[in-house]
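One point on numbering: in our numbering, the residue at position 145 of the sequence shown is 1440, and numbering is uninterrupted. For each residue, glycine too, the CB sits at the ideal point set by N, CA and C.
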Amino acid sequence: MTFGTPYQIAPDSPQIGAVLSLIRGSFAFMDGRIDPPSSMHRLTEKTVADHAARHEIWALGTPPLAVVFLTAKPGRLYLGKLAVDASMRGQGLARRLVTQAEVRARALGLPVVELETRVELVENHAAFARLGFVKTGESAHPGYDRPTSITMQKAIA
């Protein structure tokens, strides 16, 4: 099955609501599993549109079946909110969006793609490792005295 070329979501895109719904559905399994709760709960159509205006959101499929948020930071491109529709998992959509992040990092002159994943989500650690990411650190959300997130990076050749 083909899903076309990744495309960028504009701030005024009619797909903004579908992007938010996809993220909410894709991240729902984390409820009750991660502490603190996912920042996904703070997303609204306005915050999604704001991210598209200030940074980048890329998608596959119409309506979106997979999305990723990208944010240029000093020395790296931050990859966040990678979401794939549950019915489409295992078909390489996440890999295609990670590849798109690498393309964007190169275009922006950034040598690294970076992401954070929650400590509890060991299956995500393994999935990102298979995509070439390596653990580079741990951090704690404000108010926590233990690591709550793992930072992973992938060097861009």
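- If you look at Q1395, you'll find it in the alpha helix (DSSP H) that goes L1388 to A1402.
- Contact check between the stretch 1390-1402 and the stretch 1324-1338: fewer than three CB pairs, one atom from each, fall below 8 Å, which does not count as touching.
- Closest in alpha carbon position to D1380, among A1400, F1364, A1396 and P1358, is P1358.
- Using a 10 angstroms sphere on the CB of Q1303, the tally of other CB atoms stays under 16, which defines it as exposed.
- By the Cβ test, the stretch 1300-1320 is in contact with the stretch 1339-1352, since at least three Cβ pairs between them sit closer than 8 Å.
- Under DSSP, the beta-bridge partners assigned to V1429 are Q1448.
- DSSP lists S1444 as the bridge partner or partners of S1434.
- Short of 8 Å from the beta carbon of I1451, and not among the five residues preceding or following it, lie these beta carbons of its own chain, in chain order: E1397, A1400, R1401, L1405, P1406, V1407 and V1408.
- When only Cα atoms are considered, V1362 and S1444 end up about 21 Å apart.
- In the displayed model, L1317 falls within a helix according to three-state DSSP.
- When DSSP states are grouped into helix, strand and coil, G1312 belongs to the helix group.
- For R1371, the beta-bridge partners assigned by DSSP are K1368.
- A distance of 7 Å or more separates the beta carbons of F1298 and G1385.
- L1403 and Q1448 have their alpha carbons spaced roughly 16 Å apart.
- The three-state reading of DSSP puts V1379 in strand, counting E and B together.
- The beta carbons of E1351 and L1315 sit no closer together than 7 Å.
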